[in-house]
Amino acid sequence: MLRRNLLALTLASAVTTALPLAALAQSGAYPDRQVRLIVGFPAGTGPDVVARTVGLKLGELLKQPVVVDNRAGAGGQIGAQAVAKAAPDGYTLLLGEVGSISIAPASYTKLSYDPARELVAVSELVRSDFILVVPPNSPYRSVKELVAGAQAKGERVNFGTFGAEVPRRAGAEVFASEAGLKIEPVHYRATGDAITALVAGDVQAAFVTTALAAPQIKGGKLRALATTGA
């Protein structure tokens, strides 16, 4: 019997990712019906885009429909739990990410699922850098100015995030610790909501994936201060 499969969102191609499952398909035993690919984030987010891209290619190789099922909430934990508790027959897959697979288990003594025991990794799909961004009208034009300004005022910096366990929140906490900065996380349901708040000036800063931040930066709606990439 096939165990539950985890497609870890953490750049391998969709073709390479699908090969192990495609080999099973050639045996004639699997799959003989629709496959569900669960994503723990809303439609339009980075993980959702990856899932739909991979799902199309996977469906071609498996010769069965692969339907993306968005189970948003709790930083991806709702989706991870749904897959962990599903029948271990290979027809329910998870496109997870480091928050629900690694950070959450390390953050809570009790979790509704056990990634190490209930999920099996198939392939790494994506590695994404983050960009530290601020609103276009922010007085800060560099990380140095942001840190110095906040410290001089003795204020907390409001950081937009969407969940305590997602990498963006972890990145903000590590940055704050290293810089000696006090931050106040402001949680949103999705990255898009955090970006909207940033553009409106409702929050002062956020770590956003390069794919989502780049268009906003080029359009002058956000200002980039730093990147976690090389």
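For the sequence shown, my numbering begins at -4 and goes up steadily by one. Ideal Cβ positions, reconstructed from N, Cα and C, are used throughout, including at glycine. Note that the coordinates shown come from a computational prediction; the quantities given were computed from them, not determined experimentally.
Checklist entry - How many angstroms separate the CA atom of Q211 from the CA atom of D27? => result For the purposes of this step, residue 211 is taken as the residue at position 216 of the sequence shown. For the purposes of this step, residue 27 is taken as the residue at position 32 of the sequence shown. When rounded, the distance between both Cα atoms is 43 Å.
Next on the checklist: Measuring alpha carbon to alpha carbon, tell me which residue in T222, L217, L53 and A46 is nearest Q199.
Outcome noted: For the purposes of this step, residue 199 is taken as the residue at position 204 of the sequence shown. Nearest option by C-alpha distance: L217.
Checklist entry - When we look at the beta-carbon of T104 and count the other beta-carbons within 10 Å, is it buried (16 or more) or exposed? => result Locating residue 104 in the sequence shown gives position 109, counting from the first residue. T104 comes out exposed.
Checklist entry - Apart from the five residues just before and just after G224, which ones in its own chain have a Cβ nearer than 6 Å to its Cβ? => result Within the sequence shown, numbered from 1, the residue matching residue 224 stands at position 229. Taken in chain order, the residues that qualify are D124.
Item to check | Which listed residue (N132, L106, A195 and D64) has its alpha carbon closest to that of F36 | outcome: Here residue 36 corresponds to residue number 41 of the sequence shown, with the count starting at 1. Cα-wise, what sits closest to F36 is D64.
Checklist entry - What is the DSSP secondary structure of S97, counted as helix, strand or coil? => result Residue mapping note: residue 97 aligns to position 102 of the sequence shown, counting from 1. If DSSP states are grouped into helix, strand and coil, S97 belongs with the helices.
Checklist entry - Which partner residues does G155 have in the DSSP bridge list? => result Residue numbering aside, residue 155 sits at position 160 when the sequence shown is read from its first letter. In DSSP, G155 forms a bridge with V181 and A201.
Next on the checklist: Can you list, in chain order, the residues of its chain with a C-beta nearer than 8 Å to that of V194? Leave out the 5 residues immediately preceding and following it.
Outcome noted: As a position in the sequence shown, residue 194 is number 199, starting the count at 1. Closer than 8 Å at Cβ, skipping near neighbours: P130, P131, Q211, K216 and L217.
Checklist entry - With which residues is D64 paired in a DSSP beta bridge? => result Looking up residue 64 in the sequence shown gives position 69. Paired residue(s): I33.
Item to check | Nearest-angstrom Cα separation, counted from L32 out to G50 | outcome: The residue labelled residue 50 in the question sits at position 55 within the sequence shown. The residue labelled residue 32 in the question sits at position 37 within the sequence shown. Their backbone Cα atoms lie some 7 Å apart in a straight line.
Item to check | Cβ contact (3+ pairs, closer than 8 Å) linking the segment 106 to 115 and the segment 139 to 147 | outcome: no
Checklist entry - What did DSSP end up calling L220 once you bin it into helix, strand or coil? => result Position 225 of the sequence shown, counted from the start, is the residue given in the question as residue 220. The answer is strand: DSSP assigns L220 an E or B state.
Checklist entry - Can you give the beta carbon distance from I178 to F154, rounded, assuming they're within the 8 Å contact cut? => result Reading the sequence shown from its first residue, position 183 is the one you call residue 178. Reading the sequence shown from its first residue, position 159 is the one you call residue 154. At roughly 5 Å, the Cβ-Cβ gap stays under 8 Å, so I178 and F154 are in contact.
Checklist entry - By the 10 Å Cβ neighbour count, where 16 or more other Cβ atoms means buried, how is R112 classified, buried or exposed? => result Numbered from its first residue, the sequence shown carries residue 112 at position 117. Around the CB of R112, fewer than 16 other CB atoms lie within 10 Å, so the residue is classed as exposed.
Checklist entry - Between which two residues does the beta strand (DSSP E) harbouring L127 extend? => result By one-based count along the sequence shown, residue 127 stands at place 132. Unbroken beta strand (DSSP E) run through L127: F125 to V129.
Item to check | Member of A201, K213 and T186 whose CA lies at the smallest distance from the CA of V44 | outcome: Taking the first residue of the sequence shown as position 1, residue 44 is located at position 49. V44 has its Cα closest to that of T186, out of A201, K213 and T186.
Item to check | Residue from Y183, G91 and L176 whose Cα sits closest to the Cα of L114 | outcome: Residue numbering aside, residue 114 sits at position 119 when the sequence shown is read from its first letter. For L114, the nearest C-alpha among the options comes from G91.
Item to check | Proximity winner among E150, Y183, D188 and G54, relative to A171 (alpha-carbon distances) | outcome: Working through the sequence shown from its first residue, we reach residue 171 at position 176. Of E150, Y183, D188 and G54, the residue nearest in Cα terms is E150.
Checklist entry - What residue range is occupied by the uninterrupted alpha helix (DSSP H) comprising P42? => result For the purposes of this step, residue 42 is taken as residue 47 along the sequence shown, with counting starting at 1. Where P42 is concerned, the enclosing alpha helix (DSSP H) stretches over G41 to L57.
Next on the checklist: Quick check: the Cα distance between A219 and T40, rounded to an integer number of angstroms?
Outcome noted: Position 224 of the sequence shown, counting from 1, holds the residue named residue 219. Position 45 of the sequence shown, counting from 1, holds the residue named residue 40. Going by the C-alpha atoms only, they are around 20 Å apart.
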